[in-house]
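**Q** Taken in order, the sequence shown gives residues -19 to -1, 1 to 366; the numbers are from mature numbering (1 follows the signal peptide of the UniProt record, and there is no 0).
Each residue gets a CB set at the ideal place from its N, CA and C atoms; glycine is no exception.
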Amino acid sequence: MAIATSIFWLSLLFVSTKGCHFPAIYNFGDSNSDTGSVSAALGPLPPPFGETFFGQPSGRYSNGRLIIDFFAEKLGVPVLHAYLDSIDPNFRYGANFAASGSTILLADGKSIQAGFSFLSLVIQVSEFEQFKNRTIELYNQVHNAAFPGLSAKTLKIKSRIPRPEDFSRALYTLDSGQNDIHYALISTPKEQLKAHITNATNQFALSTKKLYDDGARAFWIHNTGPLGCLPYFVTNYPPKAGDADQHGCVKSYNEVAQEFNKRLKEKVSQLKTLLHDAVFILTDMYSAKYSLISEAKQHGFIGPMAYCCGHLGDNPVECGKTAIVNGTQVYGASCSDPAKYISWDGIHYTDAANHWIANRIIHGSLSDPPIPLIQACDNHIVTQQ
Ligand SMILES: *[C@@H]1O[C@H](CO)[C@@H](O)[C@H](O)[C@H]1NC(C)=O
Ligand SMILES: *[C@@H]1O[C@H](CO)[C@@H](O)[C@H](O)[C@H]1NC(C)=O
Ligand SMILES: *[C@@H]1O[C@H](CO)[C@@H](O)[C@H](O)[C@H]1NC(C)=O
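(1) Is Phe200 closer than 8 Å to Leu155 when the C-beta atoms are compared?
(2) So, at 6 Å on beta carbons, what are the nonlocal neighbours of Pro351 in its own chain, with the 5 sequence-adjacent residues on each side left out?
(3) Find out if the Cβ-Cβ distance for the pair Ile202, Ile262 is shorter than 8 Å.
(4) Do you know offhand how far Arg46's Cα is from Ser83's?
(5) Quick check for students: name the residue ranges of the beta strand (DSSP E) that lie wholly in the segment 102 to 188, counting only runs of 3 or more.
(6) Near ligand 2, which residues have their beta-carbon closer than 7 Å to a heavy atom?
(7) Measuring only the C-alpha atoms, how far is His2 from Asp66?
(8) For the segment 136 to 144 against the segment 201 to 220, do three or more pairs of beta-carbon atoms, one drawn from each stretch, fall closer than 8 Å, so that the two count as touching?
(9) May I ask you to report which of helix, strand or coil DSSP gives Ile71?
(10) Which same chain residues end up closer than 8 Å to Ser149 when comparing Cβ atoms and leaving out the 5 residues on each side of it in sequence?
(11) Please list the terminal residues of the continuous alpha helix (DSSP H) segment that includes Ala334.
(12) Rounded to a whole number of angstroms, what is the C-alpha to C-alpha distance between Leu256 and Glu299?
(13) Residues near ligand 1, CB to any non-hydrogen atom under 5 Å, in chain order?
(14) With 16 as the cutoff for other CB atoms within 10 Å, does residue 389 come out buried or exposed?
(15) By a C-beta neighbour count over all protein chains shown, 10 Å radius and 16 as the cutoff for buried, is Asp359 buried or exposed?
(16) If you measure between the beta carbons of Tyr42 and Phe97, is that distance less than 8 Å?
(17) Grouping DSSP H, G and I as helix and E and B as strand, with all else coil, what is Val311?
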């Protein structure tokens, strides 16, 4: 019995060192991982977005790649296409439902008025459900089609939609909440902040449970970053006396982010208890981003409050746009060396920063349980900890 048990564990360990071979990634979130949803829906981003890696705007809010792009590379699948991008799509290896400006909570007139997206996590999950139903239906139709004349076309369709059996073997990644905090900070009285955060994390758990009910079994979840360190917040909502930390971040905003992360952790623990046959890995994105910000110079970046593109402050000029400042037209240009900056445009991270963060989290040392990305499927190894 004991020998059989240890052979059993040994074989699992052996399997785990080989990684999981996820056939697909399904991603949900905001601009931290939007690879083109909002661009497809509301118009493309202007240059110089994308200038460093793609050579042109790619729908990503950065000069290059996002963390989700580095994940795809690590897992050996092509970069994720945005579900809403209908031009030459390929969903064989998953799809990306993340939308810039989106919250977890369903948007309402007030949040849309304030500039947030209606493509909340709630909507993203319903998009996913439709995507799953319709691609399975299409796959089966094409698979069962017996018309030789259609073969080239059917082969092409089949090569660009997921295998039905891949939905339960895919990795489901989620990075959402930053905009719920942003919206709460600008719209909610202080005494209701906690209630708003609790509503958001409750909805996060409901949406994640829905994905589970739809067959998802491997979840890689990011908590939210230190938004009080984003140059946009520091400039537009500057800290009151005593409310800045030694790096210039606004402490009280970061405390709201940490409150969110505490509630998120509780919710993910509940999901783990409830759903034994799924893997939930919660990655401490806050620590990854905060360590980059607090050790900027050590890692080859100039100060944490510098940003590369556009201009914040009294006469703001958005990255890639023009504005009239003192009667003169001014262009929101980018800096000469984006690789030296953590922040691209005051809100979003540069390709270099995203690369650093991805490397920091991919091996699992900031995750609970501490499982590397490529082993995020292995439930047995997780429970063995
Ligand atoms: C997907 O299919 C299931 C089962 O047929 C159905 O219950 C559900 O309503 C469908 N969802 C969507 C969004 O089409
Ligand atoms: C939280 O959700 C409840 C129930 O939907 C709602 O009544 C309440 O107003 C929400 N609180 C905040 C601060 O958004
Ligand atoms: C615009 O003009 C004001 C008043 O002359 C001046 O203080 C300010 O620095 C100018 N702003 C820019 C961006 O040139």
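**A** Once the coordinates are examined:
(1) yes
(2) Gly345
(3) Pairing Ile202 with Ile262 gives a Cβ-Cβ distance under 8 Å.
(4) 19 Å
(5) 152 to 156
(6) Thr169, Gln173, Ala176, His177, Asn180
(7) 26 Å
(8) Put simply, the segment 136 to 144 does not touch the segment 201 to 220. Fewer than three CB pairs are less than 8 Å apart.
(9) What sits at residue 71 in the sequence shown is Asn, not Ile. Correct three-state label for Asn71: coil.
(10) Gly196, Ala197, Arg198
(11) 332 to 342
(12) 44 Å
(13) Residues with a Cβ closer than 5 Å to any heavy atom of ligand 1, in chain order: Glu110, Gln111, Asn114.
(14) Since the first and last residues shown for the chain are -19 and 366, residue 389 lies out of range.
(15) With 16 or more neighbouring CB atoms inside 10 Å of its own CB, Asp359 falls in the buried class.
(16) no
(17) The three-state secondary structure of Val311, taken from DSSP, is strand.
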